[in-house]
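Yeah, the sequence shown ends on 875 if you go by my numbering, and it's all consecutive. Note that the Cβ used here is the ideal one computed from N, Cα and C, for glycine as well. The structure displayed is predicted, hence computed values, not measured ones.
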Amino acid sequence: MEKTRQEGIRRAIAELNAAGDVAIVAHKGPDGDAIGSSLALASALRAVGKRVRVYARREDVGAPSVLDGMDSLSPPEAAATDPKPDLLVCLDCATVARIAVPHFRDGIASFRTLVIDHHESNPRYGTVNFVVDDASSTSELVFDILKAAGWPVSREAAEALWVGITTDTGRFSYSSTHPSTLECGAELLRLGVRQWHLNDEVFCKASLAATRLRALAYASLEMWCDGAVATIRLDADAYESLGCAKSDSEDFVDIPRAVRGAAMAVFFYRSFSAEPVTHVSLRSCDGRVDACAFASIFGGGGHRAAAGATLDCGLAEAERRVREALSGFPGISPATGDGGEVSPGSAVNRDFVSPSPSRRDAGTPCR
Ligand SMILES: [Mn+2]
């Protein structure tokens, strides 16, 4: 292991050792890595006698809610009245704006913070930062810390780490899967992880409503830029009419990503908030395009292969802006630049998706 990573682990352990009372928070719209790394760190710290609170809204957690330890979550609004922690740990959270708890987000300067993350766009906003750009997941970094500290890793914690690592690596398949990642997987299995159960629950099973939502996503497929960009879209009404949450569409960007020949995959989905807000989930399909650089045009971020952004406009306007920016963007070729025509052969069925706005809030997915 490189020296800087070892030094990061050492400093993170020093921060955690010095704290008696620890608050843990991850990014809005928590994915498997966010919730997995949070639950695993909390479990290990509790086992060595620390007071730990993990702040996350249970309803925001999708399939990873199969994990043990979900009952111990504190609602985000409780942070404002709970005792001030000795240390705030921000996990898998690339920017302050992405922190899921307003009390921590708005008052970040008043807390001693340990940031553990693997987003290359992370500006190192913590008091102490353990950020490894090319790590598979925040969960792998947390596992490094637990092992180096000699803290016990229960089956409950190991399963949380398994879900975190498998979520962020596409079950050990993306380029972020390193030899060390597979070694982590082997170690976690030795700790008793029930991988058949977790993989089935997190990646294979979906509710009937979520399966119907997926059908709408497939039906919305459009190819842009002469086939270089594959896109899908879902309006908030699609979620509402089926009783689905944003977490039900966590991996839908994989639908356009799978279209052969596409350089970039884009998933547009309308926010549930009253204000017109559209989230854009981006994937570089084969390395030709830097998804993070593209997301940054709209104030978003993430990784080269996977990124996201939020636009303060409705679905149609978001599509127009993104399409305009895609035209001529490095790696997208050939560009059409007209913003109107859909390339021949693309399946278009917009009748399934209502354009009207809706309510609840949802975060931008960002691996
Ligand atoms: Mn992650």
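- Query: From the DSSP output, which residues share a beta bridge with Gly816?
  - Reply: Ser789, Gly809
- Query: What separation, rounded to the nearest whole angstrom, lies between the Cα atoms of Ala564 and Val737?
  - Reply: 34 angstroms
- Task: Name, in chain order, the residues that DSSP records as bridge partners for Val876.
- Result: Residue 876 is absent from the structure shown; the chain starts at 509 and stops at 875.
- Item | Whole alpha helix (DSSP H) elements within the region 657-743, 4-residue minimum | 663-677, 687-698, 703-707, 716-727
- Rounded to whole angstroms, how far is the Cβ of Asp576 from the Cβ of Glu667, which I believe are closer than 8 angstroms? 7 angstroms
- Task: Go ahead and label Arg606 buried or exposed: buried means 16 or more other beta carbons lie within 10 angstroms of its beta carbon, across all protein chains shown.
- Result: buried
- Task: Ignore the nearest five residues each way along the sequence and tell me which others in Ile517's own chain have a CB closer than 6 angstroms to its CB.
- Result: Asp652, Ile653, Ala656
- Message: Using a Cβ-based criterion (distance less than 7 angstroms to any ligand heavy atom), does Ser645 qualify as near ligand 1?
- Response: yes
- Task: With DSSP as the reference, label Met578 as helix, strand or coil.
- Result: helix
- Tell me whether His686 counts as near ligand 1, meaning its Cβ is closer than 7 angstroms to at least one heavy atom of that ligand. no
- Message: Beta-carbon within less than 7 angstroms of Trp659's beta-carbon, same chain only, minus the 5 sequence neighbours each way: which residues are those?
- Response: Ala552, Ala555, Val556
- If we ignore side chains and look at the alpha-carbon of each, how far apart do Ser645 and Ser580 end up? 23 angstroms
- Message: Tell me whether Asp600, by its Cβ, gets closer than 7 angstroms to a heavy atom of ligand 1.
- Response: yes
- Item | Nearest-angstrom beta carbon gap, Asp600 and Asp625 [assumed within contact, 8 angstroms] | 6 angstroms
- Name, in chain order, the residues that DSSP records as bridge partners for Met772. Val737, Ser792
- Message: Using the Cβ count rule (16 or more neighbours within 10 Å means buried), how would you classify Arg722?
- Response: buried
- Message: Tell me the DSSP secondary structure of Arg519 in three-state form.
- Response: helix
- Item | Contact test: Asp676 Cβ vs ligand 1 heavy atom, cutoff 7 angstroms | yes
- In angstroms, rounded to a whole number, what distance separates the CA positions of Phe711 and Cys598? 26 angstroms
- Item | 7 angstroms Cβ shell around Leu823 - same chain, five flanking residues per side excluded | Arg741, Asp743, Phe776, Arg778, Thr786, Pro863
- Can you tell me which of the three DSSP states Asp762 falls into? helix
- Query: In chain order, what residues of the same chain have a beta carbon less than 6 angstroms from the beta carbon of Leu819, not counting five sequence neighbours either side?
  - Reply: Thr786, Phe806, Ala826
- Query: In angstroms, rounded to a whole number, what distance separates the CA positions of Gly528 and His611?
  - Reply: 20 angstroms
- Alpha carbon to alpha carbon, what distance is there between Gly836 and Pro572? 38 angstroms
- Message: Any heavy atom of ligand 1 inside 7 angstroms of the beta-carbon of Asp541?
- Response: yes
- Item | Val830, enclosing beta strand (DSSP E) - first and last residue | Where Val830 is concerned, there is no enclosing beta strand (DSSP E), although the alpha helix (DSSP H) it sits in stretches over 823-834.
- Task: Report back the beta-carbon spacing between Val767 and Val830 to the nearest angstrom; my notes put them in contact at under 8 angstroms.
- Result: Their Cβ separation, rounded to whole angstroms, is 17 angstroms, which puts Val767 and Val830 out of contact at 8 angstroms.
- Message: In the DSSP output, which residue or residues are listed as bridge partners for Ile607?
- Response: His535
- Nearest residue (CA-CA) to Ala717, options Tyr747, Pro583, Ile616, Val774: Tyr747
- Task: Give the C-beta separation of Glu648 and Thr689 to the nearest angstrom, bearing in mind that I take them to be a contact with Cβ-Cβ under 8 angstroms.
- Result: 6 angstroms
- Which word fits Trp732, buried or exposed, when buried means at least 16 other C-beta atoms lie within 10 angstroms of its C-beta? buried
- Message: Counting C-beta neighbours from all protein chains within 10 Å, is the total for Ala782 16 or more, i.e. buried, or is it exposed?
- Response: exposed
- Message: Please classify Glu523 as buried or exposed, where buried requires at least 16 other C-beta atoms within 10 Å of its C-beta.
- Response: buried
- Item | Sheet register partners of Ile624 (DSSP bridge) | Leu599, Phe638
- Task: Compute every distance between the C-beta of His626 and the non-hydrogen atoms of ligand 1, then say whether any falls below 7 angstroms.
- Result: yes
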